[in-house]
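Scroll down for the structure; my scribbles are underneath it.
Next comes the structure, spelled out in structure tokens:
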């Protein structure tokens, strides 16, 4: 067993550089970096906090992509046409239709990309219904898929301590998936199905510990798998390096960015562009009061690094923003004073 698994390795120091593609944010932005690297681009990832994973590592880790290969392999009938019909019914005219057409058309290839460039394998989250299954094109059995549990010690090795831990950890190690949650919630009504699911995951978690394994599921598995892909691909990443400015030319095109690490401004010049995938503003109370409700307090399970700073940088460079009043709300119980 590796007794040093909690010792953080040294991470790169930021310095002026030139790359093809800069990816700001280390949640699912890592997949954009992997796509760029597979296309032959020179890529760099910057992260504002001291952990890799972003909101992805704290999330349920599910992805909603109609007509993808995981659904097909699970015997689920679906089509791009049904998926687009559902999005059209949900979104209406609040966003350009060509964006959701592009999402539906290219989404299945994103799943294939994850299979190629990461160690992750996926499963259908059976019976995790579309949020509004009664809408045209909606599905009561659901389209959501998720990563199967992974052993972080195996896929990350010395880099395990750099991955952000999930906020949904159980007192006993048990890599519970979205699919498992259904039966856990039905424990009282369906004990014959719920108990075996719990026993399986407890056995996997506790049993794995005896062999130096750390099995995780949900967003921690997804983020861990993406990080493993980044490590395997040799894509450099800088921690504690928040985006502070975008550099533009006379036409307004972005030609680079400035990030700050340990109080030092570092310039990254880009040949192709900058992808901002840096989360929202969960912990920016000024913005939350302005765009959501002035009654809100800072009770959020969101990534502590989500303060909206990269969004502000983009706005300062001339970016348009919309739908800042929208959020994915998750009911939870606030901790008692003095407790984590």
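Residue numbers (this note's numbering): 671 to 1010. A virtual CB, placed ideally from N, CA and C, is assigned to each residue, including glycine.
Check whether residue i and residue j have beta carbons under 8 Å apart
| i | j | result |
| --- | --- | --- |
| residue 835 | residue 890 | yes |
| residue 634 | residue 679 | Absent from the structure is residue 634, since the part of the chain shown begins at 671 and ends at 1010. |
| residue 843 | residue 894 | no |
| residue 786 | residue 741 | no |
| residue 938 | residue 926 | yes |
| residue 774 | residue 805 | no |
| residue 820 | residue 886 | yes |
| residue 781 | residue 837 | no |
| residue 914 | residue 924 | no |
| residue 898 | residue 826 | yes |
| residue 700 | residue 916 | no |
| residue 731 | residue 892 | yes |
Backbone CA spacing between residue i and residue j [nearest angstrom]
| i | j | result |
| --- | --- | --- |
| residue 983 | residue 911 | 14 Å |
| residue 906 | residue 714 | 5 Å |
| residue 691 | residue 822 | 27 Å |
| residue 702 | residue 783 | 10 Å |
| residue 733 | residue 849 | 13 Å |
| residue 752 | residue 808 | 8 Å |
| residue 963 | residue 685 | 40 Å |
| residue 671 | residue 941 | Since pLDDT at residue 671 reaches only 38, below the 50 mark, its modelled position is unreliable, and the value read off the structure follows with that caveat. One C-alpha to the other measures close to 44 Å. |
| residue 1003 | residue 969 | 9 Å |
| residue 759 | residue 936 | 45 Å |
| residue 922 | residue 989 | 10 Å |
| residue 824 | residue 816 | 19 Å |
| residue 920 | residue 943 | 16 Å |
| residue 991 | residue 978 | 12 Å |
| residue 981 | residue 790 | 30 Å |
| residue 873 | residue 845 | 10 Å |
| residue 861 | residue 811 | 21 Å |
| residue 757 | residue 881 | 45 Å |
| residue 996 | residue 677 | 39 Å |
| residue 716 | residue 769 | 26 Å |
| residue 761 | residue 772 | 14 Å |
From the options, residue whose alpha carbon lies closest to that of residue i
| i | options | result |
| --- | --- | --- |
| residue 800 | 935, 729, 736, 955 | 736 |
| residue 1000 | 702, 684, 729 | 729 |
| residue 888 | 873, 847, 879 | 847 |
| residue 832 | 711, 902, 719, 936 | 719 |
| residue 767 | 755, 837, 778 | 755 |
| residue 946 | 857, 987, 957, 959 | 987 |
| residue 788 | 708, 763, 683, 776 | 708 |
| Quick one: any contact between the stretch 720-737 and the stretch 696-703, if contact means 3 or more CB pairs under 8 Å? | Yes, the stretch 720-737 touches the stretch 696-703.
| message | Does the contact criterion of 3 or more C-beta pairs under 8 Å hold for the stretch 858-871 versus the stretch 790-798? | response | No contact exists between the stretch 858-871 and the stretch 790-798.
| message | Across the stretch 971-979 and the stretch 947-959, are there enough close Cβ pairs to call them in contact, namely three or more that are closer than 8 Å? | response | Yes: at least three Cβ pairs fall under 8 Å.
| With contact counted as at least three CB pairs below 8 Å, one residue from each stretch, are the stretch 745-758 and the stretch 849-859 in contact? | Taking 8 Å as the limit for Cβ pairs, the verdict is that the stretch 849-859 does not touch the stretch 745-758.
| query | Where are the beta strand (DSSP E) runs, 3 residues long or more, that stay fully inside the stretch 684-741, in chain order? | reply | Scanning the stretch 684-741 for uninterrupted beta strand (DSSP E) segments of 3 residues or longer gives 687-694, 713-716, listed from N- to C-terminal end.
| message | List, from N- to C-terminal side, the beta strand (DSSP E) runs of 3 residues or more that fit wholly inside the stretch 949-991. | response | The qualifying runs do not exist here; there are none.
| message | Which runs of the alpha helix (DSSP H) at least 4 residues long sit entirely within the stretch 832-857? Give them in chain order. | response | List check, alpha helix (DSSP H) in window: 848-855.
| task | Could you tell me which uninterrupted beta strand (DSSP E) segments, each at least 3 residues in length, are contained entirely in the stretch 751-809, listed from first to last along the chain? | result | Entirely contained in the stretch 751-809, the beta strand (DSSP E) runs reaching 3 residues are, in chain order, 792-794.
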